[in-house]
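So the sequence shown is numbered by my numbering: it starts at 649 and just counts up by one.
Ideal Cβ placement from N, Cα and C applies to all residues, glycine included.
Because the structure is a prediction, the values reported are computed rather than measured.
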Amino acid sequence: MKIQEHISDNLDVFDISAPLQDVLRFFRGSGFSHVAVVEDRKFLGVLSEEDFRTIEEKGQLADYRNSLETFHVPQDASWLDILKCFADNQANLLPVLDEQAAVIGYYDLAEVLDFLVETPFFNEPGGLLVVATGAKDHSFSQIAQIVESNNAKLIGAFISDYQNDIVQTTIKISSGSMNEVLQSFRRYNYNILFGNMDDQFLEDLKKRSDYLDKYLNV
């Protein structure tokens with residue numbers, strides 16, 4: 649299923665000449681963060697529900713033209729670009745434009761998240777890892793090689809954080825060889841930040857630590 653199949657075309661789009669009371673009714677009845685505004689059927693921008701709290705109900709949208717934000721996504725946007733636009737603008741409704749800058753519908757954040765949950769990365773059985781390494785050393789090809797050299801299947805991977813030249817990568821793999829994969833990542837100087845399967849390396853360290861504590865307490 650393509651993400652474009654989740655474009656909703658049954659939500660309001662307001663002309664710049666619309667009365668503010670109409671927009672107020674939309675926000676009160678929908679729970680959405682933004683709504684698209686057009687002029688001559690061309691996209692002008694979006695009005696924020698948060699900004700609308702300080703706007704007088706009387707008058708028209710045209711009185712607040714300068715309050716419009718301009719974020720949107722094109723019709724062919726990828727789901728990664730869509731999620732980034734949602735996050736960057738703290739929005740739960742995102743206008744979608746065609747090549748002529750006409751609003752053809754919206755992405756609803758809840759529906760987009762439902763779509764992602766149905767992708768193989770989330771619904772295929774397996775284990776999740778989060779590993780970290782320096783930006784200069786980061787390589788998706790090396791990550792794939794480490795996983796597959798341990799007879800595991802790489803289901804998916806993406807960069808989940810990047811700060812101070814440290815790259816965090818979230819990895820989904822088939823669960824059969826998780827411990828071997830973890831140990832290989834350590835040999836390649838990756839820091840293991842998270843693993844949702846049993847990690848024999850850590851279990852062994854814990855047992856040795858418990859043994860040492862007992863020895864010292866004798």
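{"Item": "Unbroken alpha helix (DSSP H) run spanning residue 798, endpoints", "Value": "Note, residue 798: premise wrong, no alpha helix (DSSP H); not H, not E."}
{"Item": "The segment 799-817 contacting the segment 767-775, beta-carbon criterion three pairs below 8 Å", "Value": "yes"}
{"Item": "For residue 684 and residue 774, the rounded distance between their alpha carbons", "Value": "40 Å"}
{"Item": "Coarse secondary structure for residue 703, derived from DSSP in three states", "Value": "coil"}
{"Item": "Residue 671 beta carbon less than 7 Å from that of residue 682", "Value": "no"}
{"Item": "Cβ-based burial, residue 820 [other Cβ within 10 Å; buried from 16]", "Value": "buried"}
{"Item": "Distance CB(residue 655)-CB(residue 692) smaller than 7 Å", "Value": "no"}
{"Item": "Pair within 7 Å by beta-carbon distance, residue 749 and residue 709", "Value": "no"}
{"Item": "C-beta contact flag for residue 744 and residue 723 at 7 Å", "Value": "yes"}
{"Item": "Collapsed DSSP secondary structure at residue 837 in the structure displayed", "Value": "coil"}
{"Item": "Closest residue to residue 718 among 679, 700 and 742 (Cα-Cα distance)", "Value": "742"}
{"Item": "DSSP beta-bridge partners of residue 820", "Value": "776 and 804"}
{"Item": "Euclidean distance between Cα positions of residue 839 and residue 777", "Value": "11 Å"}
{"Item": "Ranges of the alpha helix (DSSP H) found wholly within the segment 732-775, counting only runs of at least 4", "Value": "757-765 and 768-771"}
{"Item": "Residue 816 beta carbon less than 7 Å from that of residue 808", "Value": "yes"}
{"Item": "4-residue-minimum alpha helix (DSSP H) runs that sit fully inside the segment 663-690, ordered along the chain", "Value": "668-678"}
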